[in-house]
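Protein chains in written order, with this note's numbering: chain A, 853 to 1183; chain B, 853 to 1183; chain C, 30 to 385; chain D, 30 to 385.
This report refers to the structure that appears directly beneath it.
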Ligand SMILES: Cc1ncc(C[n+]2csc(CCOP(=O)(O)OP(=O)(O)O)c2C)c(N)n1
Ligand SMILES: Cc1ncc(C[n+]2csc(CCOP(=O)(O)OP(=O)(O)O)c2C)c(N)n1
Ligand SMILES: [Mg+2]
Ligand SMILES: [Mg+2]
């Protein structure tokens, strides 16, 4: 591959590390906080080497206290810093829910822009890696319903780096969800140095006229596999990787659905209250007259994410998605 | 009014009080916990007189600690009691989010029914009463996405009492949302003694063939007023009061939408991620071919619930609902 | 523990100085400023209660009885310090520079009430109990990292000590030696719940032991005790010696908020008795009389000026342009998302249609 | 504070009794039970690490080094007591009656691993840190309300003390005088974070002062100290004297979990040194030798029986019927909601279609 910029071949978690390193170098106001992110380099090694390089003042091991360090990070953001907080697993973010919901997300609105909270909360999420119980939640919808918070979920190393840098530069709080199942699943060419991927824009991964398949994070490879199988059966899918979960890329979704008239959404989270319902509503609002079939949702079930012995049954699979694609196309 | 049972004319908050009194009498295992619920009788007087009648052991003023007393209530529920916890305002439930999300809602599933958490969390919610800031959230969707939790939201005194008793008798955790705007808005005949209203069943408040209007809690009177105005213009609405938010009454919703082909949903919460999106998805799943127009959602905006000087602009009004009804009918 | 954490006074109930080392620092100028602010806060507070009764503002949170805590601690701050207040600390905020009009707008349900004067680091009041503590610790840590000598004061009540955020905030500040003063106003009630049901410990100050930071218990109705002990704690903070927990024991005379009826849960005779014996303003007056600082004419003049200031603020509030619903949409993000932009456009168009 | 909360021993590193008042209670039966359980837990723990390496179970949380804490405290319980463990306390759970097979199933990602033997009040392990503390306080309060003499023990680590739930749990228990023992295993690390960065306080026991409850610091590798101090705390609880905070100072030799590499954050030489000097099993052996309780044959027999029990449990695990996906749907509510019923039906039908 020859490009104008130098690239490195990185996994998604390495791309996250690279983004953090890039921004720690680029901006003095960037500061990292979290449990085990320093000496240990994070339980997934997302912050590997950063404390050694930038010091204990910029890569801070905090006490085991999600509300405490998230709240403290809000205070730092109010006072000129750009904290990037790591929640060790998304399933452990709930103790900090109050700080995020009431304060991080509302401060700008409450003060008409006088005080702002430019912070990023990073969290690995999702099932599929045989983690112990309660480590596998994918509850992005609890944050997309929270006005004042942007939510990002990259599916690839390139996007992970570009979006994380964009999130750190964003003037508002951003929840940055990292699909732990994709952390080391594949590598990609990632430019060295600083670049951004625009927040709020989805990515078309595959073009097709028969059906729109929408996915994000760890479900993107699942959707892609299903689309490949469908193609072999003569069904050609537009595959959209949302990348940003709030705000959704309305234009790309609407344009695709208006082209295909048929939609399958792949979501890891529980069906009820999931982001997929919002996408159905968005299609209802924008593309009612174009719809040739009901939108199909392939989702996790309305059950707690189970122990790992059951997670292959919980998680949407390419086969389940293919099934939905066929049903939708044959409606 | 002459009926077989004696009735009292009660407001919604009095009906809540009556339900709690009834169950404290009926069952020794019922125990009330919360801030200011004892001597003070609750900041809305929902527990007025109960501590005096049942003692400090059964109506317990707790320390100011939502995670603490919700967690403690979970422990009591594990150990044979039926705690009814009051969160003073729904906007202050977030510190307890972890306890509810990970423990109350999951204990039965995690132990295959060996340990259960039969508890009720009561919380007044919503805007429209000129409360100080951050007292007016209506974030039911954060709980309907939580597997293992039922969510109830009555709109009338009769339903409030019957559903609260049903919730206390339910073997699983229930979030019971009380529309504070309706607490004293009107009175209704409420039977004395014990009766239940079935969880999971909506109520048809008005019959009409032209459009389905779906609302819950404090939005029910708004929807009804709009339906009345519409009727004067010759548009006849089925008006559905959901009453239970999880699980939704799929049958009543589908039957009505299949009759009218047109739907307007009235939701106080923010548009994105709200329960209305789930209802759109449910209609998509059940009634696609019957839909004559896109579902209209009249909702709060994607902004933090504002200070009360702006709440009349934030809240759906009969005029906004009527507008949506007319647009939907004329689609 | 009560013996380990005695309630410290500098001035007793009779207005006598009992800690003589502070004598030299009690200048006439300081005393006059204290008196002026005490009168100003009490006058304003009473005005707000009456405005609420008239329906001219919404539910209001009075602080009468706690003026020495709020004025004394706020006067101890330097200009560049940060203040993290609660819903009850408008006395502290107005002493530190928030305008009366802003305070009135806040209680009138206006977002403008959350904006401090330019350059003033007064964060908007915290409504969810204790959530400000970790944030104050973080803001303080940020000052430390910037290498300034600025400190942070954060207010909270006795009830707030039961929340997890109290614990996490103090622990964070302690571990990172953040320059923050945790200023507790122990008014002995959290709405209706007396401190004896809030905690088994007899003092709040002793909770500092859990974090190996200094804890000190002071008479919150003694403005000198509040002022000097807060100043010392701030000094420690500025000098890199870390956080301090101050428990200022006080009492609110009135209701928790104007929606509350305290007679439901406590004997209001107690408030009367305290007003007669330990009122913070009466106490400073006694001191001033005793020390020959007292001048009836001056005091009348103070009261008159304060009255005029308050009346002017009320007039400003009344004249204030009415709430603009667009504001609800415009400040959620730096750039509105399409969701908000569309909602705003649709709503504003519809509203104009309704009106025109 | 360290002086106020010294680490108490009953037996020193050499296996010598240093608190002679306990002599009479140290019966041969007790010592043999302790020894058996120590060997049993250690053997099982090592087996699990090796099963994980072979990929026969999922990621595993070892507790080697902390056996005296877990066995000693669990043996102090009465049958009717409650246990609220963490993910690291399977040593305590198996001592109190959870079967080895259940523990293995847990680490194999099977829900069955959360079900205690009938009648045993062992709540499933808590993964989100410190969340068990308020629940244990509530369960204890429930016992008090029922008028029983049952008590509750709740386990947590040094890192857990930083969470708000630690504070709220202790405060609740203290205010309501709940019969609960807060048993802290201070193994001095929370994953990679040493206790010195977790808190500024030098002891965890001193945190009891915040709640006016007894706090006690013991040598967690001295099984007699653990056993007798836990028993006393439980006794206090049963007698209506309320909660106790016990800090048992200990050390985990190995990794935080089998996914963790401790050499990244600490010198594993320290673990070696501790193994050689303060190992809990070695210490009891020394005591037994010193006191003439030691019998090599008996010890070999203990080890053999334990090996057999462990092998049998592993065999049971291997024979266990494979995971039934229906279980995922069937226990969310007492009666499945239509959402779950429909999802189950659709999924199971589809799955059968795929298989058939
Ligand atoms: C998290 C949370 N829970 C409950 C409330 C409701 N509430 C408002 S003030 C208050 C009592 C606070 O007592 P205290 O901390 O002593 O402060 P004070 O009001 O006495 O100044 C309560 C329970 C709240 N604002 N936030
Ligand atoms: C709320 C929460 N945050 C983070 C984690 C991830 N985590 C698991 S164990 C652990 C360290 C716990 O340390 P400690 O309390 O000392 O117990 P130990 O593991 O040493 O027994 C962390 C951070 C979690 N399980 N829960
Ligand atoms: Mg108070
Ligand atoms: Mg530890």
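All C-beta atoms in this analysis are idealised placements derived from N, C-alpha and C, irrespective of residue type, glycine included.
By alpha-carbon positions, which one of the options ends up nearest to residue i?
{"i": "residue 1111 (chain A)", "options": "A:1139, A:1124, A:932 and A:912", "result": "A:1139"}
{"i": "residue 1088 (chain B)", "options": "B:977, B:878 and B:1180", "result": "B:1180"}
{"i": "residue 105 (chain D)", "options": "D:290, D:260 and D:200", "result": "D:260"}
{"i": "residue 862 (chain B)", "options": "B:928, B:970, B:1055 and B:1039", "result": "B:1039"}
{"i": "residue 1061 (chain B)", "options": "B:1082, B:1051 and B:1090", "result": "B:1090"}
{"i": "residue 1032 (chain B)", "options": "B:1055, B:988 and B:1066", "result": "B:988"}
{"i": "residue 75 (chain D)", "options": "D:88, D:61, D:92 and D:321", "result": "D:92"}
{"i": "residue 972 (chain A)", "options": "A:939, A:983, A:1101 and A:1171", "result": "A:939"}
{"i": "residue 97 (chain C)", "options": "C:365, C:120 and C:241", "result": "C:120"}
{"i": "residue 249 (chain C)", "options": "C:234, C:239 and C:238", "result": "C:234"}
{"i": "residue 1085 (chain B)", "options": "B:950, B:1182, B:879 and B:970", "result": "B:1182"}
{"i": "residue 369 (chain D)", "options": "B:913, B:905, B:1143 and B:998", "result": "B:998"}
{"i": "residue 124 (chain D)", "options": "D:172, D:142, D:151 and D:134", "result": "D:151"}
{"i": "residue 323 (chain C)", "options": "C:180, C:194, C:209 and C:57", "result": "C:57"}
{"i": "residue 210 (chain D)", "options": "D:81, D:55 and D:164", "result": "D:164"}
{"i": "residue 904 (chain A)", "options": "D:380, D:293 and D:340", "result": "D:293"}
{"i": "residue 991 (chain A)", "options": "B:887, B:1133, B:950 and B:912", "result": "B:950"}
Write down the C-beta distance between residue i and residue j rounded to the nearest angstrom, noting that I regard them as a contact closer than 8 angstroms.
{"i": "residue 206 (chain C)", "j": "residue 186 (chain C)", "result": "That belief does not hold up - the Cβ atoms of residue 206 (chain C) and residue 186 (chain C) are roughly 25 angstroms apart, past 8 angstroms."}
{"i": "residue 1070 (chain A)", "j": "residue 1108 (chain A)", "result": "Actually they do not touch by this definition, with Cβ atoms about 21 angstroms apart."}
{"i": "residue 1161 (chain B)", "j": "residue 137 (chain C)", "result": "6 angstroms"}
{"i": "residue 935 (chain A)", "j": "residue 193 (chain D)", "result": "The pair is not a contact, with the Cβ atoms about 20 angstroms apart (cut-off 8 angstroms)."}
Assign residue i to one of three DSSP states: helix, strand, or coil.
{"i": "residue 55 (chain C)", "result": "coil"}
{"i": "residue 1047 (chain B)", "result": "coil"}
{"i": "residue 119 (chain C)", "result": "helix"}
{"i": "residue 1031 (chain A)", "result": "strand"}
{"i": "residue 1177 (chain A)", "result": "helix"}
{"i": "residue 184 (chain C)", "result": "strand"}
{"i": "residue 958 (chain B)", "result": "coil"}
{"i": "residue 249 (chain D)", "result": "coil"}
{"i": "residue 341 (chain D)", "result": "helix"}
{"i": "residue 1172 (chain B)", "result": "helix"}
{"i": "residue 229 (chain C)", "result": "coil"}
{"i": "residue 1100 (chain B)", "result": "coil"}
{"i": "residue 131 (chain D)", "result": "helix"}
{"i": "residue 853 (chain B)", "result": "Caution applies to residue 853 (chain B), whose pLDDT of 46 falls short of 50 and renders its modelled position unreliable; the value that the coordinates give is listed next. Three-state DSSP puts residue 853 (chain B) in coil, outside helix and strand."}
{"i": "residue 196 (chain D)", "result": "helix"}
{"i": "residue 1167 (chain A)", "result": "coil"}
{"i": "residue 947 (chain B)", "result": "helix"}
I'd like to confirm the pairing. Which residues does DSSP put opposite residue i in its beta bridges?
{"i": "residue 217 (chain C)", "result": "Looking at the DSSP assignment, residue 217 (chain C) forms no beta bridge with any residue, so it has no partner."}
{"i": "residue 969 (chain B)", "result": "Partner(s): none; residue 969 (chain B) has no beta bridge."}
{"i": "residue 376 (chain C)", "result": "For residue 376 (chain C), which the question treats as bridged, DSSP gives no partner whatsoever."}
{"i": "residue 889 (chain A)", "result": "The partner list for residue 889 (chain A) (beta bridge, DSSP) is empty, contrary to what the question assumes."}
{"i": "residue 112 (chain C)", "result": "C:151 and C:182"}
{"i": "residue 223 (chain D)", "result": "D:218"}
{"i": "residue 912 (chain A)", "result": "A:885"}
(request) Closer than 7 angstroms is what we want: which residues have a beta carbon that near any heavy atom of ligand 4? List them in chain order. (result) D:186, D:187, D:188, D:214, D:215, D:216, D:217, D:218 and D:219
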